[in-house]
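Counted from 1, the sequence shown has number 131 at position 132 by numbering that gives the first Met the number 0; the numbering is strictly sequential.
One structure is given here, and the rest of the page talks about it.
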Amino acid sequence: MTTPAEFARRRQQLMRGITGEAGRDAAAIFVSSREIIRNGDVHHAFRQQSTFWYLTGFEEPEAVLVLRPGHAQPVTMFVRPHDPVMAVWVGPRAGVDGAVAQYGADAAHPIEDLEATLPRLLGGARTVYYALGEDARMDALVTRIVGDRRDGAQRGAPAVEAVRDPSALVDGQRLIKSTAEVRALQRAIDVTGAGLVAAMAATRPGMYEYEIQAILEQEYRRLGSPREGFPTIAASGENSCTLHYVSNRRQVQKGDLMLLDTGAEWDYYSADVTRTYPASGKFSAAQRAAYDVVLASQEAGIAKTAPGVSFHAVHQASLRVLVEGLIDLKVLRGSVDSNIERETYRAYYMHSTSHWLGLDVHDAGAYRTGQKSTALRPGMVLTVEPGLYFAPDSKAPKRLRGIGIRIEDDVLVTPSGRRVLSGRIPKAPDALEALVGSAG
Ligand code: GLY
Ligand code: MN
Ligand code: MN
Numbered sequence: 000m001t002t003p004a005e006f007a008r009r010r011q012q013l014m015r016g017i018t019g020e021a022g023r024d025a026a027a028i029f030v031s032s033r034e035i036i037r038n039g040d041v042h043h044a045f046r047q048q049s050t051f052w053y054l055t056g057f058e059e060p061e062a063v064l065v066l067r068p069g070h071a072q073p074v075t076m077f078v079r080p081h082d083p084v085m086a087v088w089v090g091p092r093a094g095v096d097g098a099v100a101q102y103g104a105d106a107a108h109p110i111e112d113l114e115a116t117l118p119r120l121l122g123g124a125r126t127v128y129y130a131l132g133e134d135a136r137m138d139a140l141v142t143r144i145v146g147d148r149r150d151g152a153q154r155g156a157p158a159v160e161a162v163r164d165p166s167a168l169v170d171g172q173r174l175i176k177s178t179a180e181v182r183a184l185q186r187a188i189d190v191t192g193a194g195l196v197a198a199m200a201a202t203r204p205g206m207y208e209y210e211i212q213a214i215l216e217q218e219y220r221r222l223g224s225p226r227e228g229f230p231t232i233a234a235s236g237e238n239s240c241t242l243h244y245v246s247n248r249r250q251v252q253k254g255d256l257m258l259l260d261t262g263a264e265w266d267y268y269s270a271d272v273t274r275t276y277p278a279s280g281k282f283s284a285a286q287r288a289a290y291d292v293v294l295a296s297q298e299a300g301i302a303k304t305a306p307g308v309s310f311h312a313v314h315q316a317s318l319r320v321l322v323e324g325l326i327d328l329k330v331l332r333g334s335v336d337s338n339i340e341r342e343t344y345r346a347y348y349m350h351s352t353s354h355w356l357g358l359d360v361h362d363a364g365a366y367r368t369g370q371k372s373t374a375l376r377p378g379m380v381l382t383v384e385p386g387l388y389f390a391p392d393s394k395a396p397k398r399l400r401g402i403g404i405r406i407e408d409d410v411l412v413t414p415s416g417r418r419v420l421s422g423r424i425p426k427a428p429d430a431l432e433a434l435v436g437s438a439g
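Below you can see the structure in the form of structure tokens.
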């Protein structure tokens with residue numbers, strides 16, 4: 000589990016970044032997720048906003064974090080106070096004392112005191128880092144404080160000169176994973192691997208997609224993962240051509256491919272792995288030919304992943320092999336270069352190859368600055384996930400129609416190249432054929 004010292008290091012790193020960018024007279028405000036009512040007095044399951052958790056580890060709603068770099072008490076939290084009645088119904092809250100004792104705040108206040116106390120806490124700050132537009136109530140409060148300070152400036156108090164979005168700083172920080180973060184991600188991925196192996200071993204034609212999903216997710220819960228990082232995609236047959244298919248209601252037929260795109264969470268970090276396999280344990284010739292193309296494309300993308308290489312170069316390396324394969328499969332005609340230039344492959348490959356991975360499945364961090372693609376650095380984690388989708392109504396040769404294949408792994412950029420964190424989860428065709436349906 001992420002330690003209090005690690006959360007403190009993250010806050011310190013961010014405060015150094017803020018001071019470096021805006022000088023000493025700066026403050027930053029972060030707001031927790033809100034509880035969302037499902038109906039009556041029942042709420043949707045609560046999950047803390049990822050950046051708020053990244054900086055605090057605090058898992059309750061109605062919380063605010065205020066940072067004042069360079070001040071005697073740089074970390075202040077506003078939280079829901081202890082409530083003996085609520086404690087009977089839903090358990091104890093951390094409370095004001097807990098925010099200091101367990102979450103490393105230098106000072107803490109009840110959330111009810113926010114409006115009265117925040118103006119004083121922001122006193123002297125010329126730059127306020129806050130992501131305007133994220134929380135209507137905080138937007139209004141920050142706007143009021145900025146206005147009051149402008150009025151006060153006539154009498155000599157400093158005005159707030161800028162409200163800056165902290166996302167670039169904090170997302171840039173989240174983009175480079177610490178050793179503890181890589182450990183959590185590895186655990187999320189290992190749990191996901193155990194689920195995938197159990198689900199593949201149990202798969203038999205005649206099962207429903209949701210039964211296979213249940214086997215995956217029961218393994219996640221059994222191993223201690225509290226939830227998925229995103230809704231599980233359990234797509235059989237032509238459903239595998241729908242990129243984010245999540246209804247998972249169909250009965251799996253003999254001869255189908257099964258596509259599972261899934262990620263358990265561990266300590267707030269999400270895996271994101273896809274495996275595609277024959278439901279009855281044997282690829283047809285057409286399925287195998289298409290699978291081999293996607294696998295070769297994925298291996299090319301992974302092999303390209305290394306420090307100094309640009310994020311988009313990984314996509315280009317994968318794409319090239321994919322387009323070569325589409326020509327070999329007689330789906331496309333002409334040269335590789337002209338097909339890439341004309342984007343003819345888009346009818347069968349409509350997403351990009353990679354995204355950052357971390358607390359969020361599509362994690363924080365810029366993919367480019369202006370026109371320049373982000374250069375990979377050690378500590379970044381990205382997916383490599385090419386796919387081919389021959390929808391039933393596509394112009395692909397008939398034998399390929401209804402086949403959808405994606406293969407997705409999670410890759411850590413290391414000083415010497417890469418480590419495939421999901422590399423132990425079977426994906427070689429022979430290994431899949433041996434595994435599928437092998438559960439007694
Ligand atoms: N599971 C969503 C994605 O692969 O991006
Ligand atoms: Mn993905
Ligand atoms: Mn995925």
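Using N, Cα and C, we set each Cβ at its ideal position, and we do this for glycine too.
Legend entry - Inter-residue spacing [alpha-carbon to alpha-carbon] between A98 and P165: In the sequence shown, counting from the first residue as 1, residue 98 sits at position 99. In the sequence shown, counting from the first residue as 1, residue 165 sits at position 166. Computed Cα separation, rounded: 23 Å.
Legend entry - Cutoff 6 Å; reference S317; Cβ partners in own chain excluding five residues on either side: The count along the sequence shown starts at 1 and reaches residue 317 at position 318. So the list reads S296, A299, G300, T352, P385, once near-sequence residues are dropped.
Legend entry - According to DSSP, residues forming a beta bridge with L64: Within the sequence shown, numbered from 1, the residue matching residue 64 stands at position 65. F29, M76, per the DSSP bridge assignment.
Inset, instruction - With a threshold of 6 Å, establish whether the CB of D266 neighbours any heavy atom of ligand 2. - result: As a first step, residue 266 is located in the sequence shown; it is residue number 267 there, counting from the start. For ligand 2, not one heavy atom lies less than 6 Å from the Cβ of D266.
Legend entry - Any non-hydrogen atom of ligand 1 closer than 6 Å to F310 Cβ: Here residue 310 is taken as the residue at index 311 of the sequence shown, counted from 1. For ligand 1, not one heavy atom lies less than 6 Å from the Cβ of F310.
Legend entry - G192, DSSP secondary structure in three states: Within the sequence shown, numbered from 1, the residue matching residue 192 stands at position 193. In the structure shown, G192 sits in a helix (DSSP, three-state: H, G or I).
Legend entry - Three-way DSSP call (helix, strand, coil) for I449 in this model: Nothing can be reported for residue 449, as the shown portion of the chain is limited to 0 through 439.
Legend entry - Of the listed residues I404, D96, M85, W265, nearest to G192 (C-alpha basis): In the sequence shown, the residue the question calls residue 192 occupies position 193. Distance check between G192 and each of I404, D96, M85, W265 places W265 closest, using alpha-carbon atoms only.
Legend entry - Those residues, in chain order, that have a beta-carbon closer than 7 Å to some heavy atom of ligand 1: Matched residues: F229, I232, H243, D260, G262, D271, T273, H354, V360, H361, T382, E384, E407.
Inset, instruction - Tell me whether the beta-carbon of A233 lies closer than 7 Å to the beta-carbon of Q212. - result: For the purposes of this step, residue 233 is identified with residue 234 of the sequence shown, where counting begins at 1. For the purposes of this step, residue 212 is identified with residue 213 of the sequence shown, where counting begins at 1. The answer is yes: Cβ separation under 7 Å.
Inset, instruction - Starting from T116, follow the alpha helix (DSSP H) in both directions and report where the run begins and ends. - result: In the sequence shown, the residue the question calls residue 116 occupies position 117. Unbroken alpha helix (DSSP H) run through T116: 113-120.
Inset, instruction - Could you tell me whether the segment 254-262 touches the segment 397-407, where touching means 3 or more Cβ pairs closer than 8 Å? - result: Counting C-beta pairs with one atom in each stretch, the segment 254-262 and the segment 397-407 have three or more that are closer than 8 Å, which means they touch.
Inset, instruction - Could you check the C-alpha separation between V419 and V410 for me, to the nearest Å? - result: Here residue 419 refers to the residue found at position 420 of the sequence shown. Here residue 410 refers to the residue found at position 411 of the sequence shown. Rounded to whole angstroms, V419 and V410 show a C-alpha spacing of 4 Å.
Inset, instruction - Assign D362 to buried or exposed, taking buried as 16 or more other Cβ atoms, counted over all protein chains shown, within 10 Å of its Cβ. - result: Counted from its first residue, the sequence shown places residue 362 at position 363. Counting of Cβ neighbours within 10 angstroms places D362 among the buried residues, the total reaching 16 or more.
Legend entry - CA-to-CA distance, V87 to R367, given in whole angstroms: Your numbering for residue 367 matches position 368 in the sequence shown. Your numbering for residue 87 matches position 88 in the sequence shown. Roughly 50 Å separates the two Cα atoms.
Inset, instruction - In angstroms with no decimal places, state the Cα-to-Cα distance between T18 and P68. - result: By 1-based counting over the sequence shown, the position of residue 18 is 19. By 1-based counting over the sequence shown, the position of residue 68 is 69. T18 and P68 have their C-alpha atoms roughly 7 Å apart.
Inset, instruction - State whether the segment 188-203 contacts the segment 212-231, with contact taken as three or more CB pairs (one from each stretch) at a distance under 8 Å. - result: Contact between the segment 188-203 and the segment 212-231 is established, with three or more Cβ pairs separated by less than 8 Å.
Inset, instruction - Could you tell me whether the segment 118-128 touches the segment 79-96, where touching means 3 or more Cβ pairs closer than 8 Å? - result: At 8 Å Cβ cutoff, the stretches do not touch.
Inset, instruction - Could you please give the first and the last residue of the uninterrupted alpha helix (DSSP H) stretch that includes T50? - result: If you number the sequence shown from 1, residue 50 lands on position 51. T50 -> alpha helix (DSSP H) spans 49-55.
Legend entry - Enclosing beta strand (DSSP E) for P277 [first to last residue]: To locate residue 277, count along the sequence shown from 1; it is residue 278. Bounds of the beta strand (DSSP E) holding P277 are 272-277.
Inset, instruction - Express the C-alpha separation of A158 and R149 in angstroms, rounding to a whole number. - result: For the purposes of this step, residue 149 is taken as the residue at position 150 of the sequence shown. For the purposes of this step, residue 158 is taken as the residue at position 159 of the sequence shown. Rounded to whole angstroms, R149 to A158 spans 5 Å at the Cα level.
Inset, instruction - Under 8 Å Cβ to Cβ from D147, same chain only, skipping five residues before and after it: list those, please. - result: Residue numbering aside, residue 147 sits at position 148 when the sequence shown is read from its first letter. Closer than 8 Å at the Cβ level, and outside the excluded window around D147, lie P118.
Inset, instruction - Would you kindly check if the distance between the Cβ of V412 and the Cβ of M379 is under 7 Å? - result: In the sequence shown, the residue the question calls residue 379 occupies position 380. In the sequence shown, the residue the question calls residue 412 occupies position 413. Cβ atoms of M379 and V412: closer than 7 Å.
Inset, instruction - With DSSP collapsed to three states, give me the class of L411. - result: Against the sequence shown, residue 411 aligns to sequence position 412. Note: L411 maps to strand in three-state DSSP.
Inset, instruction - Taking only the alpha-carbon atoms, compute the straight-line gap between I35 and E59 and give it to the nearest angstrom. - result: By 1-based counting over the sequence shown, the position of residue 35 is 36. By 1-based counting over the sequence shown, the position of residue 59 is 60. Near 13 Å, if we compare the C-alpha coordinates of E59 and I35.
Legend entry - G223 burial status per 10 Å Cβ neighbour count (16 or more: buried): Start at 1 with the first residue of the sequence shown, and residue 223 comes out as number 224. By the neighbour-count rule (16 or more Cβ atoms within 10 Å), G223 is not buried but exposed.
Legend entry - Per-residue burial, Q153 [other beta carbons within 10 Å of its own, 16 or more giving buried]: Walking along the sequence shown from the start, residue 153 turns up at place 154. Classification of Q153: exposed, given that the 10 Å Cβ count is below 16.
Legend entry - Rounded separation between S421 and T382 - CA only: In the sequence shown, the residue the question calls residue 421 occupies position 422. In the sequence shown, the residue the question calls residue 382 occupies position 383. Each residue's alpha carbon lies about 10 Å from the other.
Inset, instruction - Would you identify the three-state DSSP class for Y268, choosing helix, strand or coil? - result: Mapped onto the sequence shown, residue 268 falls at position 269. Three-state result, Y268: strand.
Legend entry - Cβ-Cβ distance between R203 and G56 below 7 Å: Locating residue 203 in the sequence shown gives position 204, counting from the first residue. Locating residue 56 in the sequence shown gives position 57, counting from the first residue. No, they are not a contact pair.
Legend entry - M14 versus S279, A26, E5, A4, residue with shortest Cα-Cα distance: For this step, residue 14 is matched to residue 15 along the sequence shown. The residue from S279, A26, E5, A4 with its alpha-carbon nearest to that of M14 is A26.
Inset, instruction - Tell me whether K426 is buried or exposed, calling it buried when 16 or more other Cβ atoms sit within 10 Å of its Cβ. - result: Counting from 1 along the sequence shown, the entry for residue 426 is found at position 427. By the beta-carbon neighbour count (other beta carbons within 10 angstroms, threshold 16), K426 is buried.
Inset, instruction - Identify, in the order they occur along the chain, each residue of the same chain with its Cβ nearer than 6 Å to the Cβ of W52, setting aside the five sequence neighbours on each side. - result: Indexing the sequence shown from 1 puts residue 52 at position 53. Sequence-distant partners of W52 (beyond 5 residues in either direction) whose C-beta falls short of 6 Å from its own C-beta, in its chain, are Y267.
Inset, instruction - Report yes if the C-beta distance between N338 and V313 is below 7 Å; otherwise report no. - result: Translated into positions along the sequence shown, residue 338 becomes position 339. Translated into positions along the sequence shown, residue 313 becomes position 314. Not closer than 7 Å, so no.
Inset, instruction - Return the chain-ordered list of same chain residues with a C-beta closer than 6 Å to the C-beta of G254, the five sequence neighbours on each side being excluded. - result: Indexing the sequence shown from 1 puts residue 254 at position 255. Cβ within range, chain order: n/a, list empty.
Legend entry - Spatial neighbours of R248 in its chain, beta-carbon cut-off 8 Å, leaving aside the 5 residues before and after: Looking up residue 248 in the sequence shown gives position 249. Around R248: Y207, E208, Y209.
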